[in-house]
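Number of protein chains: 2
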Amino acid sequence: MSTDLSFDLHRLTAQLDRSADRILTAAYGLSYRRVRTLLIVGRLGAATQRAVAEELGVSEPSASRMTGVLVGTGLLVADPDPKGGNRRRVSLTVDGKEMVEQCQNLLEVRFAELVRRSGVSYSSYARDTGRLLDTLTTSAAPDPVP
Amino acid sequence: MSTDLSFDLHRLTAQLDRSADRILTAAYGLSYRRVRTLLIVGRLGAATQRAVAEELGVSEPSASRMTGVLVGTGLLVADPDPKGGNRRRVSLTVDGKEMVEQCQNLLEVRFAELVRRSGVSYSSYARDTGRLLDTLTTSAAPDPVP
DNA sequence: ATTACTAAGTTAGCACGCTAAGATTGGGGC
DNA sequence: GCCCCAATCTTAGCGTGCTAACTTAGTAAT
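First to last, the protein sequences are chains A and B. Quick note on numbering: the numbering used here labels position 25 of the first sequence as 25, and the sequence is numbered without any gaps. Quick note on numbering: the numbering used here labels position 110 of the second sequence as 110, and the sequence is numbered without any gaps.
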């Protein structure tokens with residue numbers, strides 16, 4: 001069927017994102033990207049924006065704008081980093097923590113159910129995905145084109 | 001490690017897209033999205049924009065704009081569908097066909113190499129991805145939230 | 001023939017990704 | 001003290017997703 005794995009991957013992720021987006025927007029009025037950002041910040045604890053960008057897998061300007069929006073909605077706070085330098089230390093507010101817990105449960109349950117219905121082994125698919133990701137990120141795009 | 005498969009999938013796809021984007025931009029001055037659209041049109045033959053949107057996994061307005069841009073660059077043509085109705089039949093120009101061949105080879109080689117280096121089985125990963133995609137698209141988001 | 005329905009496409013406006021280039025902060029050398 | 005460097009963050013501007021609402025072309029019902 002699929003003559004092209006990378007295309008299917010693209011489509012799968014796009015559909016997953018859109019589906020998550022609809023669910024989260026309906027339930028909490030938050031986009032999937034924003035929830036993802038909150039989850040990452042929660043996972044990292046008090047982190048710099050650079051770290052958040054890295055972990056989200058987006059550019060620094062994207063992370064900067066996103067954290068700005070979330071600070072605006074009262075789900076994040078950003079202080080200057082006490083360790084000095086031109087850094088901002090972002091962390092969850094109480095509202096943000098609440099939101100993270102609720103959304104995380106909602107998404108995990110949904111996604112696990114999808115995997116179960118598809119008959120795919122969660123653990124082996126997760127392992128393979130992790131390997132691909134590691135290989136891609138460590139090989140760090142050396143030469144663009146021969 | 002990955003407490004969250006859906007996040008890793010998201011990151012993997014995002015990195016793949018960006019990587020493909022850099023390669024294609026450097027080689028042919030075309031974004032990955034545009035190349036993807038060309039490939040789909042080539043695969044479908046003469047198709048309506050709706051079919052292209054469906055196959056790309058994007059909304060109709062997105063496909064409409066994208067085909068408009070590609071017609072503007074001379075890689076696609078769009079005629080009114082001879083079967084009537086408010087349809088446009090899009091297909092590749094000669095330039096478009098050339099571009100598709102070159103890009104397809106470039107991307108396939110790169111991606112296959114990544115998979116090989118990661119030690120993941122291409123066929124089983126492709127099968128699982130296909131299953132997830134099928135399950136997700138056939139279950140068509142019934143109830144947003146209980 | 002006129003009215004209404006359906007399918008496909010477009011327009012408008014926003015969300016959020018990117019790159020390139022500028023601003024800020026702290027720590028070197030001279 | 002002063003200048004420059006490295007790291008981080010921001011600004012500017014664009015590409016391409018999305019939804020909502022509108023337009024257009026053909027079909028069916030009266």
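Just so it is clear, CB atoms sit at the ideal spot from N, CA and C, and this is done for glycine as well.
CB contact flag (residue i, residue j, <7 Å)
{"i": "GLY42 (chain B)", "j": "LEU92 (chain B)", "result": "yes"}
{"i": "GLY96 (chain A)", "j": "LEU38 (chain A)", "result": "yes"}
{"i": "LEU76 (chain A)", "j": "VAL90 (chain A)", "result": "yes"}
{"i": "LEU24 (chain B)", "j": "LEU16 (chain B)", "result": "no"}
{"i": "ALA14 (chain A)", "j": "GLY74 (chain B)", "result": "no"}
Per-residue DSSP class, three states only, for residue i
{"i": "ASP79 (chain A)", "result": "strand"}
{"i": "LEU30 (chain B)", "result": "coil"}
{"i": "ALA51 (chain B)", "result": "helix"}
{"i": "ALA46 (chain B)", "result": "coil"}
{"i": "VAL41 (chain A)", "result": "helix"}
{"i": "THR138 (chain B)", "result": "helix"}
{"i": "ASP4 (chain A)", "result": "coil"}
{"i": "SER121 (chain B)", "result": "coil"}
{"i": "GLY96 (chain B)", "result": "helix"}
{"i": "GLY85 (chain B)", "result": "coil"}
{"i": "GLY130 (chain A)", "result": "helix"}
CA-to-CA distance, residue j to residue i, given in whole angstroms
{"i": "THR138 (chain A)", "j": "GLN49 (chain B)", "result": "39 Å"}
{"i": "ALA126 (chain B)", "j": "ASP8 (chain A)", "result": "8 Å"}
{"i": "ALA53 (chain B)", "j": "ASP79 (chain A)", "result": "44 Å"}
{"i": "PRO146 (chain B)", "j": "ARG110 (chain A)", "result": "Confidence in PRO146 (chain B) is poor, its pLDDT being 32 and thus under 50, which makes the residue's placement unreliable; the coordinate value appears in the next sentence. For PRO146 (chain B) and ARG110 (chain A), the distance between alpha carbons rounds to 12 Å."}
{"i": "TYR32 (chain B)", "j": "LEU5 (chain B)", "result": "24 Å"}
{"i": "TYR28 (chain A)", "j": "GLY68 (chain A)", "result": "19 Å"}
{"i": "ARG119 (chain B)", "j": "LEU12 (chain B)", "result": "It should be pointed out that residue 119 (chain B) corresponds to Gly in this sequence rather than to Arg. Between GLY119 (chain B) and LEU12 (chain B), the C-alpha separation is close to 16 Å."}
{"i": "VAL71 (chain A)", "j": "ALA63 (chain A)", "result": "12 Å"}
{"i": "ASN86 (chain B)", "j": "ALA47 (chain B)", "result": "13 Å"}
{"i": "LEU132 (chain B)", "j": "ALA112 (chain A)", "result": "11 Å"}
{"i": "LEU106 (chain A)", "j": "ARG22 (chain A)", "result": "12 Å"}
{"i": "LEU114 (chain A)", "j": "ILE40 (chain A)", "result": "23 Å"}
{"i": "GLY84 (chain B)", "j": "ARG36 (chain B)", "result": "27 Å"}
{"i": "SER60 (chain A)", "j": "ASP81 (chain A)", "result": "The sequence shown places Glu at residue 60 (chain A), rather than the Ser named in the question. Taking the straight line from one Cα to the other gives about 17 Å."}
{"i": "LEU19 (chain B)", "j": "ARG117 (chain B)", "result": "For clarity, residue 19 (chain B) is Ser in the given sequence; the question names Leu instead. When rounded, the distance between both Cα atoms is 16 Å."}
{"i": "GLN102 (chain A)", "j": "GLU108 (chain A)", "result": "10 Å"}
{"i": "ALA26 (chain A)", "j": "SER123 (chain A)", "result": "30 Å"}
{"i": "VAL100 (chain A)", "j": "MET66 (chain A)", "result": "16 Å"}
{"i": "PRO144 (chain B)", "j": "ARG88 (chain B)", "result": "In this prediction, PRO144 (chain B) has a pLDDT of 35, which is less than 50 and means its spatial position is unreliable; nothing more can be read from the coordinates."}
{"i": "ASP134 (chain A)", "j": "ASP128 (chain A)", "result": "10 Å"}
{"i": "ALA51 (chain A)", "j": "GLU55 (chain B)", "result": "36 Å"}
{"i": "SER121 (chain A)", "j": "GLU98 (chain B)", "result": "40 Å"}
{"i": "ARG34 (chain A)", "j": "GLN104 (chain B)", "result": "34 Å"}
{"i": "HIS10 (chain B)", "j": "GLY130 (chain B)", "result": "16 Å"}
Limits of the unbroken beta strand (DSSP E) element including residue i
{"i": "ARG89 (chain B)", "result": "88 to 92"}
First through last residue of the alpha helix (DSSP H) which encompasses residue i
{"i": "SER64 (chain A)", "result": "60 to 72"}
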